[in-house]
Structures are given as C-alpha cells and as structure tokens.
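Protein chains in written order, with the working numbering: chain U, 1 to 115; chain L, 1001 to 1111.
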C-alpha cells in the first residue's frame, strides 16, 4: 500500500512563473491537507480539502495560492506569479477520516526554490 | 493564538543512553496530541496519537505520556541507537482538523 506521494520532489521557478505541486493521498483516503515549512520555521497548516471541496483554507495566503482536489486525480496546490518568499517545503498529508484522533500521513514534500 | 512548544530545540545523546523531551500545549480546546519522527529528506512518520489525560503509549524503545490538565507530553527513548537520530515533532488539534506543530526537537545520537 503506497504512502502519500508528492511530485515533483524539487521544483525551481523564476519569479513570476507558476508552480504546480501534486499530491496523491494514500489509497482510500479522501481527506487531504497541505502544510508549508518556511526556512527556519515549523510546519504550518495551509488548507484542508475533501474530494471536490475546500473545507478550510484559513492558512492559505489570500492571493496567488489556490488548491483543488478533483474527483479524479491528485490534489494540486497552485502558486501563481511566484515570489522569492514562496521558497519553502510544501507537504501534503492525508487521512481516512477527519477525526482529530485520526493519523495524518505525510508525503515526502516538494521543495520549491524561487530564483 | 494556540502555540505548541517543544524543548529542547536540539539534543546530543550518547549511544545507549536514554533521553526524553517535552511538548507543551494550551490545555483549553485540546482534542489530541500527535507525535511524529522526521528523518531528513523523508516523510514525517507518525508515532503516536494521544487523547486521554494520563495516557501512555509505547512503540519499541519509544514511549510517550500525556498530561492534558497541565498541557504537556513527554517522549522517552530508551537505550538510544544511531537510527533514532531524527527530528521529533509534536502537533495538536484544537477543536478542528488542522494540526498545529511545534518546531521540533532535533536528536543526534553519538556512536
């Protein structure tokens, strides 16, 4: 049973370009979470999605960032017109249920570097 | 603001010694406490999920305790081995689905 998959593992973009980060949850999991780790900081929640719905995006910057989790295919975190401050590691997690006692299983992350 | 604090920030331990570190969290609105083990360039690996005051969980040489009234959890490693070198993260849910993480304790085992 494959774990949470993320791709690409490393992504380099120039300022102003778009970044697309993909996350395939564990088989059978319909709850997906995105977290960001800025340099020298801890993991910070960005957004929580269920299939085709954004449930909680309270941690997502209001501009340039969007997320989706379509009925078919992976969850996508999209960053438009990237700036140097977007350079970070972006982690996706998935869970079987939304219960606070349920484990969130993490992927290996995508390291975004903005030149 | 609901903060999760971890101490110490880093720790060097001789192989074979036992060690422990702390996770502190606000006791109000507490739902669950999660511990993860995170090796460089890998995915954070779930260790424990704890909810009840006085709860104790064990996985091999690693164990954890929880005090929800005073807002802390301890992680213990008995007889440290080089493969225990990692960053140990704790995170809490405060009444919703999102995890609030501490900044981690970076453990290095000295052979």
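Think of the CB as a built atom: it goes at the ideal place given N, C-alpha and C, for glycine as much as any other residue. As the structure is a computational prediction, the values presented were derived from the model and not from experiment.
- Task: List the residues of chain U whose Cβ lies closer than 8 Å to the Cβ of residue 1060 (chain L), in chain order.
- Result: Sequence index remark: in the second chain, residue 1060 (chain L) carries index 60 (1-based). Simply none; closest approach about 17 Å.
- Message: As a quick exercise: from U:62, U:85 and U:49, pick the residue whose alpha carbon is nearest that of residue 111 (chain U).
- Response: Along the first chain, one-based indexing puts residue 111 (chain U) at 111. Considering only U:62, U:85 and U:49, the residue with the shortest C-alpha distance to residue 111 (chain U) is U:85.
- Query: Do residue 82 (chain U) and residue 40 (chain U) have their C-beta atoms within less than 9 Å of each other?
  - Reply: Along the first chain, read from residue 1 onward, the residue named residue 82 (chain U) stands at position 82. Along the first chain, read from residue 1 onward, the residue named residue 40 (chain U) stands at position 40. No, they are not a contact pair.
- Quick one: what does DSSP say residue 78 (chain U) is sitting in, helix, strand or coil? As a working note, residue 78 (chain U) is residue 78 in the first chain. In this structure, residue 78 (chain U) counts as strand in the three-state DSSP scheme.
- At a cut of 8 Å, does the region 1067-1076 of chain L reach the region 1024-1037 of chain L through at least three beta carbon pairs? yes
- Item | Host beta strand (DSSP E) of residue 1047 (chain L) (start-end) | The count along the second chain starts at 1 and reaches residue 1047 (chain L) at position 47. Where residue 1047 (chain L) is concerned, the enclosing beta strand (DSSP E) stretches over 1045-1050.
- Message: Which residues does DSSP list as the beta-bridge partners of residue 1042 (chain L)?
- Response: Along the second chain, one-based indexing puts residue 1042 (chain L) at 42. Residue 1042 (chain L) is not bridged to any residue.
- Message: Going by DSSP in three states, residue 56 (chain U) sits in which element: helix, strand or coil?
- Response: Here the question's residue 56 (chain U) lines up with position 56 in the first chain. Looking at residue 56 (chain U) - three-state DSSP - the assignment turns out to be strand.
- Item | Straight-line gap, residue 1015 (chain L) to residue 66 (chain U) (C-alpha atoms, nearest Å) | Here the question's residue 1015 (chain L) lines up with position 15 in the second chain. Here the question's residue 66 (chain U) lines up with position 66 in the first chain. Approximately 46 Å between the Cα atoms of the pair.
- Message: Can you check whether the C-beta of residue 1025 (chain L) is within less than 9 Å of a C-beta belonging to chain U?
- Response: Against the second chain, residue 1025 (chain L) aligns to sequence position 25. Chain U, which has no Cβ nearer than 9 Å to the Cβ of residue 1025 (chain L), makes this no.
- What's the call for residue 97 (chain U), buried or exposed, on a 16-neighbour Cβ count within 10 Å? As a position in the first chain, residue 97 (chain U) is number 97, starting the count at 1. Its Cβ having fewer than 16 others within 10 Å, residue 97 (chain U) is exposed.
- Item | Helix, strand or coil at residue 1083 (chain L) according to DSSP, with G and I counted as helix | Here residue 1083 (chain L) refers to the residue found at position 83 of the second chain. Of the three classes helix, strand and coil, the one that applies to residue 1083 (chain L) here is helix, per DSSP.
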